[in-house]
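In what follows, a single structure is set out as structure tokens and then discussed.
Number of protein chains: 2
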Amino acid sequence: MADGKAGGTKGGQALLFLTDEQLRKGIEAMFFAYRGFTADPDRILEKYGYGRAHHRAIHFISRAPGTNVNNLLGILGVTKQSLNRVLRALIEDGLVESRVGVQDKRERHLYLSESGKALEAELSEAQRARMRVAYREAGHEAVAGFRRVLEAMMDPDQAAYFNAMATKEDKG
Amino acid sequence: MADGKAGGTKGGQALLFLTDEQLRKGIEAMFFAYRGFTADPDRILEKYGYGRAHHRAIHFISRAPGTNVNNLLGILGVTKQSLNRVLRALIEDGLVESRVGVQDKRERHLYLSESGKALEAELSEAQRARMRVAYREAGHEAVAGFRRVLEAMMDPDQAAYFNAMATKEDKG
DNA sequence: ACTTTAAGTCAGTGTTGTTGACATTCCAAG
DNA sequence: CTTGGAATGTCAACAACACTGACTTAAAGT
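Chains as they are written, first to last, in UniProt numbering: chain F, 1 to 172; chain X, 1 to 172.
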């Protein structure tokens with residue numbers, strides 16, 4: 001494994017010759033790209049005194065309105081205490097509403113208020129704008145490849161959440 | 001922009017119809033994939049009492065041995081003070097050597113020691129292993145697309161650093 | 001009644017980022 | 001040669017956000 005070569009060991013698939021250098025380039029690309037990916041929302045969040053944790057909460061509440069805290073915990077992969085701090089701030093500021101469950105009164109169902117939706121839209125549009133440019137520059141087939149590699153890179157549990165959130169509009 | 005449609009406005013390139021939903025899926029894929037991407041190194045780092053910041057420093061020192069602090073600062077995009085804390089720990093633990101510059105005695109040139117190289121190899125191999133699996137699952141063309149999209153997603157400055165680190169081995 | 005589950009809270013700790021103040025070194029203008 | 005500014009790097013203090021662990025409250029399940 002220290003000889004710098006990997007892959008191409010005649011599996012059923014097409015051969016893939018991957019040098020350590022090529023893999024390393026992919027790793028660095030992830031690092032730099034993720035920074036670009038979060039840069040625009042970070043600037044917006046700063047205006048409101050929020051951080052990435054708040055963004056993530058807002059994003060997934062927007063994505064699955066009425067979700068409960070436990071579910072959000074699973075998606076975000078953080079501790080209860082950590083999420084709670086963020087959620088408390090968002091609720092106090094009136095961006096998120098927490099409603100007691102009807103069937104199960106222990107649960108709290110989370111929704112974005114109007115102002116919450118407004119911030120979500122602002123953050124989301126900034127991030128989509130960058131994504132759109134990147135997709136356009138890279139082209140149609142590149143996008144499909146991009147998605148395939150990312151999905152293969154996820155942990156199985158996370159991939160399950162990811163695919164569970166697929167909608168009818170999204171095929172491939 | 002609130003109508004959920006974007007792209008396909010007959011530019012010179014092939015048409016790209018991108019719904020907000022598709023873009024959002026890409027955003028979420030980045031989020032989940034990055035978590036998988038960092039999961040393995042995180043586990044290793046924990047054993048040694050280090051964090052991601054240490055990993056990044058080790059990675060780029062390994063990549064460009066003899067680099068000075070200022071250069072590293074530009075690559076990592078953090079403040080001098082933040083990097084310094086990390087560097088100090090690595091130097092105290094004997095993983096990194098800091099040598100006073102010959103031409104300019106203000107500069108400190110950074111190198112990995114033998115134990116530093118060993119940790120770098122451990123971290124790097126874990127991350128490459130995941131990358132390798134993802135690349136294999138996704139296939140050859142997907143990898144090219146993956147790289148193209150990531151590069152387009154970077155900030156221009158970061159993309160410059162990224163491309164500057166390209167080696168003769170890496171074409172495309 | 002007893003246990004489990006969902007949510008929230010309090011206290012303490014660690015990593016990582018920030019700003020501010022400071023030391024050293026280089027270089028160029030006077 | 002000296003002096004002042006710019007560049008390089010260091011030290012100290014603080015804020016954000018993650019973590020663990022222990023605990024409370026309320027509701028559901030058995």
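Backbone N, C-alpha and C define an ideal beta-carbon position, used for all residues, glycine too. Note that the structure is a prediction, hence the values are computed from the model and not measured.
- Pairing H54 of chain F with L112 of chain F gives a Cβ-Cβ distance that is not under 8 Å.
- Interface flag for R99 of chain X against chain F is unset, since no Cβ pair is found closer than 8 Å.
- Chain F places a beta carbon closer than 8 Å to that of I27 of chain X, counting this residue as a contact.
- Contacts with chain F (Cβ-Cβ distance below 8 Å) from the region 122-135 of chain X involve S124, E125, Q127, R128, R130, M131, R132, V133, A134 and Y135, listed in chain order.
- If you draw a straight line from the Cα of D104 of chain X to the Cα of V69 of chain X, it is about 13 Å long.
- At a cut-off of 8 Å between C-beta atoms, A57 of chain F does not count as an interface residue with respect to chain X.
- Contact of G145 of chain X with chain F is assigned, a C-beta pair being separated by under 8 Å.
- Put simply, the CB of L72 of chain X is far from chain F, with every gap to its CB atoms at 8 Å or more.
- The count of Cβ pairs closer than 8 Å, one atom from the region 75-84 of chain X and one from the region 94-108 of chain X, stays below three, leaving the stretches out of contact.
- The region 130-137 of chain F makes no contact with the region 136-143 of chain X: fewer than 3 CB pairs, one atom from each, lie closer than 8 Å.
- DSSP places L23 of chain X inside the alpha helix (DSSP H), whose first and last residues are D20 to Y48.
- Note that the region 152-166 of chain F touches the region 22-34 of chain X; at least 3 beta-carbon pairs, one per stretch, sit closer than 8 Å.
- When DSSP states are grouped into helix, strand and coil, R106 of chain F belongs to the coil group.
- Annotated as proximal: F162 of chain X and A29 of chain F, with beta-carbon spacing under 8 Å.
- For N68 of chain X, DSSP records a beta bridge to X:H109.
- About 24 Å separates the CB atoms of F146 of chain F and F60 of chain X; that is not less than 8 Å, and the two are not in contact.
- In the structure shown, V78 of chain F falls within a coil segment according to DSSP collapsed to helix, strand and coil.
- The beta carbon of L45 of chain X sits no closer than 8 Å to any beta carbon of chain F.
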